[in-house]
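Q:
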Amino acid sequence: MDLVTYKNDVWGREVILGVSWDLLWVVIVAAFVIIAVHAVVVGNRKQKPRPSSEGKRIERHDGKDRIFHWVMAGSVIVLLITGIFPIVGIEFSWLTLHWAAGLVLTASVLFHIVRSLFWQDRSSMSIHPTDLRETVDASRKPGKYSIEQKGMHLAVTVLVLLVIGSGLVMFAMIDTPWWERTNALSEATLGWVFLVHGLSTLALIGVISLHIYFALRPEKLFYTRSMIKGWISEDELKAHHDPEKWPEDSA
Amino acid sequence: MTDYKHIGKDFVPPDILGKVTGKAKYAEDFRVDGMVFARLYTSPIAHGKVTHIDTSALDTMEGVIGVLTADDVPAVEAPNAAILTNSPAYIGDPILAVAAVDELTAEEAMTRIKVTIEALPFAVDPLDSLIEGGPDAREEGNIFVRSREGSGFRTVKWSQQQVDEFRAGKEPTGEFTDEWSYGDVEGGFANAEVIFEAPFVTTGYAHMSMEARTAMAYWQNGTCYVYGSAQSQSFWMPGLARLLGVEMSKVVLISENTGGGFGSKIGAYPIAALPGYFSKKLGRPVQLRITREQEYYIGSARVGFQGWIKMGFARNGRMTAADVFIIEDIGPNATGGDGSSAGGAVSLVYDPAAMRFRGLPVLTNTTPRGAQRGPGQNQIAAVMAPLMDRAARELHMDPLEIRKINAVNSDTTVYAEQLPVTSAYMTEALEKGADMFDWDTKYNQPRRNGNKVIGVGIGQGYHSAGTKGFDGLIRITPDGKIHLHSGIGNLGTYSYASTTRAAAEVLKCEWEDCVIHHGNTEANLPWSSYQAGSVSTFTHTRANYVAAMDAVDKMKAITAETLGGVADDYDIDGERVFNISSPAQGMTYAAVAARAIQLGGAYSGASYPDDIHEITQRAVQNIAGTGLIGVAKDKLAQEGVIPGLAAAFVEIELDLETGKYDILDYVGIAECGTVMHPQGLAGQMKGGAVWGMGMAGLERHVYDPQNGLPANVGYHQCGIPTYLDVPAVIRTSAVDLPDPQNPFGARGIGEPAMGCSVAALTSAISDALGGHTFGRTPVSRDMIVNHIAGKPQSFKPQQTNNF
Amino acid sequence: MPSYDVMPDVPLFQPAEIGDALNLVEQFGKGGWVLGGGQDTYGWLKDRAKQPTALIDLNGIEALHGIRQTDDGLEIGATTTLREIIANPLIKRDYELLASAASRVASPQIRNVGTLGGNVGQDARCWYYRRGLACYRAGGNLCYADSPQGMNREHALFDASRCVAVSPSDTATALVALQATMIARSVNGRREIAAEDFFVGPATHITNMTSLEPDEILTAVRIPSHWAGSRFYFEKVADRDVWDFALVSIAVVMTMDGDTITNSRFVCGGVACTPYRLHDVENAARGRTLSDESGDALAALASQGAKPLNYNHFKIPLMENLVRRAMRG
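Residue numbers (my numbering), protein chains in the order written: chain G, 5 to 255; chain P, 373 to 1175; chain B, 29 to 357.
#1: Is the beta carbon of I826 (chain P) sitting closer than 7 Å to the one on L1028 (chain P)?
#2: Does any CB atom of chain P fall closer than 7 Å to the CB of W183 (chain G)?
#3: Which term fits S56 (chain G), buried or exposed, when burial requires 16 or more other beta carbons within 10 angstroms of its beta carbon?
#4: Would you mind reading off the limits of the alpha helix (DSSP H) that contains E238 (chain G)?
#5: Which stretch, first to last residue, makes up the alpha helix (DSSP H) that contains V167 (chain G)?
#6: Which residue comes first and which comes last in the alpha helix (DSSP H) that contains H201 (chain G)?
#7: Identify which residue in P:R847, P:M769 and P:G859 has its Cα closest to the Cα of M921 (chain P).
#8: Which value, in whole angstroms, describes the spacing of the CA atoms of K486 (chain P) and R411 (chain P)?
#9: Please state whether DSSP places V1003 (chain P) in a helix, a strand or coil.
#10: Can you list the residues of chain G that I417 (chain P) reaches, using a CB-CB cut of under 8 Å?
#11: Taking a contact to mean a Cβ-Cβ separation below 7 Å, would you say S239 (chain B) touches V249 (chain B) in this structure?
#12: Does DSSP put G59 (chain B) in a helix, a strand or coil?
#13: Would you be able to state if there are at least three C-beta pairs under 8 Å between the stretch 260-277 of chain B and the stretch 1090-1109 of chain P?
#14: Measuring straight from C-alpha to C-alpha, what distance separates H1088 (chain P) and V734 (chain P)?
#15: Under 7 Å between C-beta atoms, does T187 (chain G) make it to chain B?
#16: Compare the Cα-Cα distances from G559 (chain P) to each of P:A693, P:A587, P:G506 and P:R484 and report the closest residue.
#17: Mind listing the chain B neighbours of K3 (chain G)? Cutoff is C-beta to C-beta under 7 Å, in chain order.
#18: Kindly indicate the opening and closing residues of the alpha helix (DSSP H) around Y156 (chain B).
#19: Using the Cβ count rule (16 or more neighbours within 10 Å means buried), how would you classify N311 (chain B)?
#20: Can you name the residues of chain G whose CB is closer than 9 Å to the CB of Q1078 (chain P)?
#21: Counting only the same chain and skipping the five closest in sequence on each side, list residues whose C-beta sits under 8 Å from that of N147 (chain B).
#22: Pull out every residue of the stretch 1074-1105 of chain P whose Cβ sits closer than 9 Å to any Cβ of chain G, in chain order.
#23: Any idea what DSSP makes of Y668 (chain P), helix, strand or coil?
#24: Spell out a yes or no on whether the stretch 157-169 of chain B and the stretch 319-331 of chain B are touching, meaning 3 or more CB-CB pairs, one atom from each, closer than 8 Å.
#25: Report the three-state DSSP secondary structure of G87 (chain G) (helix, strand or coil).
#26: Which of the three DSSP states is assigned to W883 (chain P) in this structure?
#27: Among the residues of its own chain, which have a CB less than 6 Å from the CB of L194 (chain G), if the five just before and after it don't count?
#28: Any C-beta of chain B sitting closer than 7 Å to the C-beta of R819 (chain P)?
#29: Check the Cβ-Cβ distances between A968 (chain P) and every residue of chain B, and say whether any is below 7 Å.
#30: In this structure, how does DSSP classify R126 (chain G) when only helix, strand and coil are distinguished?
#31: Under 8 Å Cβ to Cβ from L165 (chain G), same chain only, skipping five residues before and after it: list those, please.
#32: Since T143 (chain B) sits in a beta bridge, which residues does DSSP pair it with?
#33: In three-state DSSP terms, what is Q678 (chain P)?
#34: Would you report the Cα separation of G1052 (chain P) and N87 (chain B), rounded to the nearest angstrom?
#35: At least one CB of chain B closer than 7 Å to the CB of T483 (chain P): is that the case?
#36: Taking 7 Å as the CB-CB limit, is E1029 (chain P) close to chain B?
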């Protein structure tokens, strides 16, 4: 199986065409296996009692962030459907939807970047070497975000920026209401852009599969609730986080 | 008019039967024991340098016999075409060849070869290269000047403003490399009643030879046998020997039939020598049959023009001055010269009192150019016709009248040197055509009928149509057969045969007793001219005439020697030499031939004139002692330009809603001296007419400027007219007045036959559109539709090689 | 570059029964190449621009050939030649539009062997694509024709999406106008597809011109009697009278009440990737009479929304003029 597909350019030279979409099945199977293994392993562990969702509520995500998250999630879902379905043989007029959703994603990510740069506590999401101890020492509790959550955020950040960056370049290569395509890139360069777009898409499919899986796991469902309603309970906070590391001003 | 036995009469050329039955053998039809098939790997890129060739995958491939690369053939200095190259300068430039047991295997082998090519800047429109900062088609420069004073690369750039002005139709102010003039040009314009300037573009297009060029070669005892696709026969020999790197005596060329050349196979072209080298390397016969697509790459194309012209006319319609500037698209191999020829054609056909020509040959990375029927003359004919109409309109004259006033006649002097012409009867051609066409009625008929409009046009064609100094060779054998040795080549015009009838005429023999030898060096052929440039008829009626006269002289001398008296006592007729005062006393040609063998010496070819070409000498040596030999070099008097002329009249009906026009009537008149072969002439006139219709409205090169890709590499894309695009009846005739410098009064006609057609059609289209001149060939449907709709054209002004 | 121009070794199947042919297309899937008259086959194969694993020749299957009357019109077998369609008296009498369109296909020689199925199923004629370049339509990631300097005289005015090639079929316009139904069969059964849905554009199917699946064979075309004997107009404008594809063509059907148009369908070829319906023209034509005035009024509607490329804006006045001509009394 190939990772990359090739074609001949206009002068017969071999250049990259893009990612091999055979990898899609690899990613889907791999994500399924990881999820299945995790589910089995965790299922066999002794379940801790769930913290109560009653009592004092502590805000975890404010409204703007929640809207951002769901706008981003929605646009990514549309992008994946419009991008992947035609490849697997479900054909429809996808291109305009795809780039429109891409623009929504780009705008929402820009919003988030600006907001996080100037109005949010970036340190709560940054990964410190000491965070790694959480993974081995069950007594060490994280601040606002666990190392897994930070890792997920980092992965999504990198992949979304890659997919947006490559997507914007590809956007310049098609006709839109604002410009006509330029065909300015060499075919070799264009191939790299398609490859980056394809690879980051595939990785996103894997990462998002895990994200959704964890979001739906019973013991983590309160996080999902917090992304919908904004709050977690004090019990949940204490059970999963170290209030000392979750400064009041960000709570 | 002289009453000829053969001249001016139809006959059946001996190759006709083979052509209509399919038995005729073309180069690709030959097979010899052990022969292998070669195929070409060509450049996928418009300009580059081959940095690496990896053929290792072929080492173990079954059926592959060998590979030939540029390293196996002589290197050639740019910009000349090589047999194979590591510096490709156009898409389709041959890089290597693979030989295999069959063509399929050879092509499969190609896909396993890895050729690495470093890309270089390229240009597919001369103006893109000419503009400052523009790419050069060759690393050495963007201009290549070929001249007697010295040839070489130059780099010429015009400023943005100069290019913009040229595009805007103004007189070019940029540098040029070629100039000639005669008369007082400024004074001519000063005296003119009407002056106008016009920009023009004639886009180049493929020669479209139906037989994609093929060659098969093998070596035997140090001699290379080449079965080629040649437009000329003997004329190929020096070039072919040079390409193969051997003495001319060590080359045998077999080219019995050729599926069209149209100027692209005049001399030996490099790829024809490839099988020779490959065969030497492999020790086996090799056939290379290039593909249809490759024929469009390496099969040559007409030179394109981007130009500007200024003309002045006196009140009576006489052209007082002309000023012509032409940028020539000379492709990557600097093959052209059409520009100056176009200037010459203006000088001859319209006889301006004063004239200047300036030219600039620009290299492009497009298919190599070559002479194509009326190279230069026919492009400018297409440009000039609507402009002559415009002059007539501005002077309130009939378009026929203005042409007659400026028509070339036997007293006209032409070109920069103001040379005389051998004879010229353009006025008579125009009058004959106008009469056949019923010009007055058609010109004055109501033109508009709903959305249809009638247009009428007149075109004039010219090409110099003869040369001199070649050899004739005939032989009479004791069986009474008259052997006519023709070294011209068999392009398809039948002139290889029709010119030998000059010898039959002199010998007053029956055609049935004549045998034509042609198409094979080993058929002992004399040194003959190129079969191109409309020269065959003039040149080889002369050569055959002098050879036959030599034979007649020898026959009379032999008869006198045998029967007594002196040669002048004898005459010939009925294939006998007889005593004038006692006709019963005489000898048959057969008997004379037998006697010639006994007598030897010059009679039997044991000796021969020392001024004949070495090719003729070798032929005579081979046939010496087999009969009576008539052989001579044409040293007949000849002075001045030998014009081949033609006039055409066309009527079209143009649909103003679709831009489509139908050709309702076409009359083509040849002015080629005495008509040698009426059917052959009609064929030339009709074929030329159809070709001109293609050039006027359909055929052109299209290149994608971003990638250098050619859009038309097949019959379909190239837009040649088909049977249903031309009139069902094409009427032709000839002036048929003898030229004094040919023993039978004949001149050539091939090229003007087309020039008059393209000109008449551009004239008629302009006429149908109320005098609008596009200044461009071809005038395509979209141009007409855009013009009528009042929309701009899609292309940039003066753009070329575009849709 | 190699030039090929030589037939590759490819297995040829010549089934005599439709069932065998269906099994073969099922077996070879995308690698199978269904062969009718072969006029849009050998070039692709010789150039290696397409590399099928098997040729499946339909010409030996009796059931796919011929023109039959049905309860509601006509059924034309997919391998019926264009020549047979032109010469058929029923088509001449009732569906002359189709005969006119077929008579303008390519050349007499090609019409003698070219089939209706092949004509409607033929691939795009974009010269870049035909050169074998890896463009969008060939599964690549760019369009060479629609670039700032692209040579795109023959390309689309409407409905382009990345690929700007046009539908080259002359009979397709007539079939869409006549509301024909395409019959497709596979081992899994039979599918009827309205002609208008049969031809698909690049927005949905960038590598296909039709909605046929790889395991399907177009077996027949049905023409309903709805438009039989109504007023027809077909015209194709091409560079040459032979061989060339339409720069613009038009196929029009009209039902009339006296001099008044009651219903019509206007379909243009050569302007979009599929036969292009002129809905606005059709709507505006209703209730009008045939006249130059009507023609002028409708012409302006024909080209609305056109997005010309570098070299094809001449198609706008051309299609407008063809509407004018169709409306002439």
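C-beta: ideal position from N, C-alpha, C; glycine also.
A: This is what the structure holds:
#1: Counting from 1 along the second sequence, the entry for residue 826 (chain P) is found at position 454. Counting from 1 along the second sequence, the entry for residue 1028 (chain P) is found at position 656. Not in contact: I826 (chain P) and L1028 (chain P) (Cβ atoms no closer than 7 Å).
#2: Along the first sequence, read from residue 1 onward, the residue named residue 183 (chain G) stands at position 179. Cβ-Cβ to chain P under 7 Å: no for W183 (chain G).
#3: In the first sequence, the residue the question calls residue 56 (chain G) occupies position 52. It counts as exposed.
#4: Numbered from its first residue, the first sequence carries residue 238 (chain G) at position 234. E238 to H244 is the extent of the alpha helix (DSSP H) around E238 (chain G).
#5: The sequence position of residue 167 (chain G) within the first sequence is 163, counting from 1. Taken as a continuous stretch (DSSP letters only), the alpha helix (DSSP H) holding V167 (chain G) covers I151 to F175.
#6: In the first sequence, the residue the question calls residue 201 (chain G) occupies position 197. It spans E191 to L220 - the alpha helix (DSSP H) in which H201 (chain G) sits, taken as one unbroken run.
#7: Residue numbering aside, residue 921 (chain P) sits at position 549 when the second sequence is read from its first letter. Closest option to M921 (chain P), Cα to Cα, is P:R847.
#8: As a first step, residue 486 (chain P) is located in the second sequence; it is residue number 114 there, counting from the start. As a first step, residue 411 (chain P) is located in the second sequence; it is residue number 39 there, counting from the start. Approximately 16 Å between the Cα atoms of the pair.
#9: Counted from its first residue, the second sequence places residue 1003 (chain P) at position 631. Correct three-state label for V1003 (chain P): strand.
#10: On the second sequence, residue 417 (chain P) is found 45 positions in, with the first residue counted as 1. Going along chain G in sequence order, the residues near I417 (chain P) (Cβ under 8 Å) are W15 and G16.
#11: On the third sequence, residue 239 (chain B) is found 211 positions in, with the first residue counted as 1. On the third sequence, residue 249 (chain B) is found 221 positions in, with the first residue counted as 1. No, they are not a contact pair.
#12: Position 31 of the third sequence, counting from 1, holds the residue named residue 59 (chain B). The answer is helix: DSSP assigns G59 (chain B) an H, G or I state.
#13: Yes: at least three Cβ pairs fall under 8 Å.
#14: Residue numbering aside, residue 1088 (chain P) sits at position 716 when the second sequence is read from its first letter. Residue numbering aside, residue 734 (chain P) sits at position 362 when the second sequence is read from its first letter. Distance from the CA of H1088 (chain P) to the CA of V734 (chain P), rounded to the nearest whole angstrom, comes to 29 Å.
#15: Counting from one through the first sequence, the residue named residue 187 (chain G) turns up at place 183. According to the sequence provided, residue 187 (chain G) is Asn. The question's Thr does not apply to it. Yes, its Cβ sits closer than 7 Å to a Cβ of chain B.
#16: Translated into the one-based positions of the second sequence, residue 559 (chain P) becomes position 187. G559 (chain P) has its Cα closest to that of P:A693, out of P:A693, P:A587, P:G506 and P:R484.
#17: This structure does not reach residue 3 (chain G), given that chain G is present from 5 up to 255, and the question cannot be answered.
#18: In the third sequence, residue 156 (chain B) corresponds to position 128, counting from 1. Per DSSP, Y156 (chain B) belongs to the alpha helix (DSSP H) from W155 to R158.
#19: Here residue 311 (chain B) refers to the residue found at position 283 when the third sequence is read from its first residue. Label assigned to N311 (chain B): exposed.
#20: For the purposes of this step, residue 1078 (chain P) is identified with residue 706 of the second sequence, where counting begins at 1. Near Q1078 (chain P) (Cβ distances below 9 Å), the residues of chain G are V14 and N187.
#21: Counting from 1 along the third sequence, the entry for residue 147 (chain B) is found at position 119. Cβ within range, chain order: L110, A130, V133, S197, D198, T199 and A200.
#22: Taking 9 Å as the Cβ-Cβ cut-off against chain G, the residues of the stretch 1074-1105 of chain P that qualify are D1076, Q1078, N1079, G1080 and L1081.
#23: By one-based count along the second sequence, residue 668 (chain P) stands at place 296. Judged by DSSP in its simplified three-state form, Y668 (chain P) adopts helix.
#24: As far as the Cβ criterion goes, the stretch 157-169 of chain B does not touch the stretch 319-331 of chain B, which means the pair count is below three.
#25: Stepping through the first sequence from its first residue, residue 87 (chain G) is reached at position 83. Residue state, collapsed to three classes: helix.
#26: Taking the second sequence and counting its residues from 1, one reaches residue 883 (chain P) at position 511. It is helical.
#27: Position 190 of the first sequence, counting from 1, holds the residue named residue 194 (chain G). Within the same chain, L194 (chain G) has no close Cβ partners at all.
#28: For the purposes of this step, residue 819 (chain P) is taken as the residue at position 447 of the second sequence. No, because no Cβ of chain B sits closer than 7 Å to the Cβ of R819 (chain P).
#29: Numbered from 1 along the second sequence, position 596 holds the residue referred to as residue 968 (chain P). No, A968 (chain P) lies away from the interface with chain B (no Cβ there is under 7 Å from its Cβ).
#30: Here residue 126 (chain G) refers to the residue found at position 122 of the first sequence. In the structure shown, R126 (chain G) sits in a helix (DSSP, three-state: H, G or I).
#31: Your numbering for residue 165 (chain G) matches position 161 in the first sequence. V113.
#32: As a working note, residue 143 (chain B) is residue 115 in the third sequence. Bridge partners of T143 (chain B): B:T109.
#33: Locating residue 678 (chain P) in the second sequence gives position 306, where the first residue counts as 1. Look at Q678 (chain P) here: in three-state DSSP terms it is strand.
#34: As a working note, residue 1052 (chain P) is residue 680 in the second sequence. As a working note, residue 87 (chain B) is residue 59 in the third sequence. In a straight line, the C-alpha of G1052 (chain P) is about 44 Å away from that of N87 (chain B).
#35: Taking the second sequence and counting its residues from 1, one reaches residue 483 (chain P) at position 111. The beta carbon of T483 (chain P) sits closer than 7 Å to some beta carbon of chain B.
#36: As a working note, residue 1029 (chain P) is residue 657 in the second sequence. Chain B contact via Cβ: present.
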